[in-house]
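Peer 1: The structure under discussion is supplied below as structure tokens; questions concerning it will follow.
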Amino acid sequence: MPTVKLYPGWVLAACLTSMTATAQPIPVTLDSDISLDCQAIQTEQARLKETIAAGNNDPSIGKAAAAGTANAGAQLAGSIAAQSAGIFGSLGGLLSKAAGSVAQQQVEERLAPDALSVQHAKQAQARTDFLSKLSQAKACRANDASFAGSPLSSAEFAALSSGPSAGVVKPLTAAAAADALAQPVTLLAQPLTFEGDLKLGGKRFYLAEFRVLYEVAGEVAARTNAGYMPGTNYGATSSRIKYQVPQVDVAALQALTDKAFTDFQQRLQGAGVTLEPTDAFISQHGAVYPATEAGSTVDSPVYVEENLGHTERKYMVFAPTGMKLQPRGFAGLGAGNIGTRMDWVKNKFEGLNVGVALNFTALETSGSGSSILHRDGASTSAQPVMSIATPSGSVVAQGHVDAGALYMPKPTVVPGDFAKMRETGGFDTQKDAGVKGLQMLGNLMGVAANKSKTVEMALDLDGPTTTRLALQAFSTFNQSLVDKIKAGL
């Protein structure tokens, strides 16, 4: 990439110092952001990180610089006081450790940021969050610095840079979603990418299932283990964010599911794809995988969970009104009805399952490791980002006999501002007087303090924008899938 190229984001980043000095606010978005490429986004985020760190008085998540400086102060004070050990014996050693603890506390207090720095840190964090959404929307690659990113249309950038962050969130209810469901749908700029094969040519087949998963809760965690080196003791750190959508409106999600299913049927018909009537086909030829379970209802919601180690997501499962779902166990659908399967092979019959998941968050974690190697401590992040993905432990399309299967290798981000996350509770060891007292006693015994923080958050979905973006995602998914089905006939 040419070194003479000037990025608008760099100009802003370079001016952050002067903005701080003059108390000018840091904007969340700029009109010129549409021209930022992936490298420019990453560069500006790195600059903003310094502003965030300068105004962050919370060392429990992703910040150990202050603690490291305080530890240096403690060691200095301790070494000076240790000279008294030869005079006062064991009492001198105790005084040494006590002096170190007091010095550490004093240094931490002196490192606390002023009000202006805290304000700028919040503004810088808001802009960093937007840049993260922009990066995801442009499909930037962490392992490919030369990739400029996928271009966004003016409409996509406008949707990304406006939304709940500019005003009050209107809750996602059936009434709030109704207008958005009635509006024309514009597909995403790029079709979805599927991998695998789906070969239905020469077969009679019916649609057995249209399964939709909506993320409603989850958590992301990270930790570092305590480490010990000669003369130095590093405590363990733990970071965890738990979130959930408060008061999920089942009726609104059911209406969205029904609309997505209707859209899929219309696109199949428009492509000339003929489906066998479900009830008549099953009545005459049976089913390899009988559909016997209901999707979520107001009285009986259905959930599935996805656990990837450091991240967990909880989904509410829906089916179109009047459709049943197939039961799943730890091995998925299982073998099904073997006799019916053999009969279908001979007669070239097939059943088709379709499934899709809608995520409402982007989760980041530093994982796990030693505090010696990870001096910044454990770090986690959860941001409202919509993406469409393969359902947990499943595929997006699957035949019942030998038609094959399709899946999406990675989630596709849906650009747009549709939700807010707000803190509702949690626990921080550094803000608990009792824990701080125990940590001081530990310091007297030469043991570094362990730090832990759990943040509980509510994910507030804006009804109109969430519905509009979700329908855009589903319609793009439907069209991409219909294209693959058509190609396999």
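Anchor point for the sequence shown: position 219 equals 411 in my numbering, and the numbering is continuous, going up by one each time.
Every residue, glycine too, gets a C-beta built ideally from N, C-alpha and C.
1) Considering Q436, what are the terminal residues of the beta strand (DSSP E) in which it resides?
2) Measuring only between beta-carbons, confirm whether D223 sits less than 8 Å from chain B.
3) When burial is assigned at 16 or more other CB atoms within 10 Å of the CB, is G157 buried or exposed?
4) Starting from the C-beta of T365, find all residues in its chain whose C-beta is less than 8 Å away, skip the five residues before and the five after it, and write them out in chain order.
5) Within its chain, find whatever has a CB closer than 6 Å to the CB of A331; leave out the 5 residues flanking it on each side and keep chain order.
6) What are the partner residues of S644, as DSSP defines its beta bridges?
7) So, does the stretch 547–556 touch the stretch 579–586, judging by three or more C-beta pairs under 8 Å?
8) Roughly how many angstroms separate the alpha carbons of G419 and R567, rounded to a whole number?
9) According to the neighbour-count rule (16 or more other Cβ atoms, all chains shown, within 10 Å of its Cβ), is K676 buried or exposed?
10) Helix, strand or coil: how does DSSP classify A259 here?
11) Find out if the Cβ-Cβ distance for the pair K395, G596 is shorter than 8 Å.
12) Below 8 Å on the Cβ atoms is my contact criterion, and I expect S672 with F386 to pass it. Report the Cβ-Cβ distance as a whole number of Å.
13) Enumerate, from N- to C-terminal direction, the unbroken beta strand (DSSP E) stretches of 3 or more residues contained entirely within the stretch 332–368.
14) Give a yes or no on contact between the stretch 409–416 and the stretch 527–537, applying the rule of three or more CB pairs nearer than 8 Å.
15) In the DSSP assignment, find the beta strand (DSSP E) that holds Q590 and state where it starts and stops.
16) Determine whether the beta carbon atoms of Y426 and S644 lie at a separation below 8 Å.
17) Quick check on DSSP: helix, strand or coil for D441?
18) Out of curiosity, what's the CA-to-CA distance linking Q461 and T429?
19) From Q446 to K506, what does the alpha carbon distance come to, in whole angstroms?
20) Is G543 near H502, with beta carbons less than 8 Å apart?
21) Out of curiosity, what's the CA-to-CA distance linking A381 and R660?
22) Looking at the secondary structure, which residues open and close the alpha helix (DSSP H) in which G526 lies?
23) By alpha-carbon positions, which one of Y435, N335, A340 and V377 ends up nearest to G617?
24) Please determine, among D223, V377, P383 and A367, the residue with the shortest C-alpha to C-alpha distance to L323.
25) Is it right to say L308 is buried, meaning 16 or more other beta carbons lie within 10 angstroms of its own, or is it exposed?
26) With distance defined between alpha-carbon atoms, name the residue in P305, N539 and A554 nearest to G478.
27) Quick check on N670: does DSSP put it in helix, strand or coil?
28) Buried or exposed: where does P376 fall if 16 or more other Cβ atoms within 10 Å of its Cβ makes it buried?
29) Can you tell me whether F386 is helix, strand or coil according to DSSP?
30) Between the alpha carbons of M578 and T553, how many angstroms are there, rounded?
31) Among A452, F402 and F453, which residue has its Cα nearest to the Cα of A483?
32) Report the residue ranges of all alpha helix (DSSP H) runs contained in full by the stretch 500–561; include only those spanning at least 4 residues, in chain order.
33) Residues in its own chain within less than 7 Å of F669 by CB, not counting five upstream and five downstream?
34) May I have the straight-line CA-CA distance separating E615 from L555, to the nearest angstrom?
Peer 2: Checking against the coordinates, here is how it stands:
1) One-based indexing of the sequence shown puts residue 436 at position 244. Run containing Q436: T429 to Q436, per the beta strand (DSSP E) assignment.
2) The structure shown contains no chain B; it holds only a single protein chain.
3) Missing from the structure shown is residue 157; the chain here goes from 193 to 681 and no further.
4) Position 173 of the sequence shown holds residue 365. D441, A443, A444 and G655.
5) The sequence position of residue 331 within the sequence shown is 139, counting from 1. Here the set comprises S342.
6) Taking the first residue of the sequence shown as 1, we reach residue 644 at position 452. According to DSSP, which records beta bridges pairwise, S644 is partnered with S430.
7) yes
8) Translated into the one-based positions of the sequence shown, residue 419 becomes position 227. Translated into the one-based positions of the sequence shown, residue 567 becomes position 375. The alpha-carbon atoms of G419 and R567 are separated by roughly 10 Å.
9) Residue mapping note: residue 676 aligns to position 484 of the sequence shown, counting from 1. With 16 or more Cβ atoms within 10 Å of its Cβ, K676 is classed as buried.
10) What you label residue 259 is simply residue 67 of the sequence shown in a count that begins at 1. Low confidence applies to A259: its pLDDT is 36, below 50, so where it sits in the model is not reliable, and the reading given next is rough at best. Correct three-state label for A259: helix.
11) Translated into the one-based positions of the sequence shown, residue 395 becomes position 203. Translated into the one-based positions of the sequence shown, residue 596 becomes position 404. No, the pair does not count as a contact, with Cβ atoms beyond the cut-off.
12) Residue numbering aside, residue 672 sits at position 480 when the sequence shown is read from its first letter. Residue numbering aside, residue 386 sits at position 194 when the sequence shown is read from its first letter. Yes, S672 and F386 are in contact; Cβ-Cβ is about 7 Å, under 8 Å.
13) none
14) no
15) Indexing the sequence shown from 1 puts residue 590 at position 398. Element bounds for Q590: A589 to G591.
16) Stepping through the sequence shown from its first residue, residue 426 is reached at position 234. Stepping through the sequence shown from its first residue, residue 644 is reached at position 452. Cβ atoms of Y426 and S644: not closer than 8 Å.
17) Numbered from its first residue, the sequence shown carries residue 441 at position 249. DSSP places D441 in coil when its eight states are reduced to three.
18) Here the question's residue 461 lines up with position 269 in the sequence shown. Here the question's residue 429 lines up with position 237 in the sequence shown. Q461 and T429: Cα-Cα distance of roughly 56 Å.
19) As a working mapping, residue 446 is identified with position 254 in the sequence shown. As a working mapping, residue 506 is identified with position 314 in the sequence shown. Going by the C-alpha atoms only, they are around 17 Å apart.
20) What you label residue 543 is simply residue 351 of the sequence shown in a count that begins at 1. What you label residue 502 is simply residue 310 of the sequence shown in a count that begins at 1. No, these two residues do not count as a Cβ contact at 8 Å.
21) In the sequence shown, residue 381 corresponds to position 189, counting from 1. In the sequence shown, residue 660 corresponds to position 468, counting from 1. For A381 and R660, the distance between alpha carbons rounds to 15 Å.
22) Position 334 of the sequence shown, counting from 1, holds the residue named residue 526. Run containing G526: none; DSSP gives neither H nor E here.
23) Reading the sequence shown from its first residue, position 425 is the one you call residue 617. Nearest C-alpha to G617: Y435.
24) One-based indexing of the sequence shown puts residue 323 at position 131. Among D223, V377, P383 and A367, the Cα nearest to that of L323 is on D223.
25) On the sequence shown, position 116 is the one that residue 308 refers to. Classification of L308: exposed, given that the 10 Å Cβ count is below 16.
26) Sequence index remark: in the sequence shown, residue 478 carries index 286 (1-based). The shortest C-alpha separation from G478 is found at N539.
27) The count along the sequence shown starts at 1 and reaches residue 670 at position 478. DSSP places N670 in the helix class (H, G or I) of the three-state scheme.
28) For the purposes of this step, residue 376 is identified with residue 184 of the sequence shown, where counting begins at 1. Counting the other CB atoms within 10 Å of its CB gives P376 a total below 16, which places it among the exposed residues.
29) By 1-based counting over the sequence shown, the position of residue 386 is 194. DSSP places F386 in coil when its eight states are reduced to three.
30) For the purposes of this step, residue 578 is identified with residue 386 of the sequence shown, where counting begins at 1. For the purposes of this step, residue 553 is identified with residue 361 of the sequence shown, where counting begins at 1. Between M578 and T553, the C-alpha separation is close to 6 Å.
31) Translated into positions along the sequence shown, residue 483 becomes position 291. Comparing Cα-Cα distances from A483 to each of A452, F402 and F453, the minimum goes to F402.
32) 530–539
33) Along the sequence shown, read from residue 1 onward, the residue named residue 669 stands at position 477. L384, V548 and I580, listed in sequence order.
34) Taking the first residue of the sequence shown as position 1, residue 615 is located at position 423. Taking the first residue of the sequence shown as position 1, residue 555 is located at position 363. Looking at the two C-alpha atoms, the distance is approximately 16 Å.
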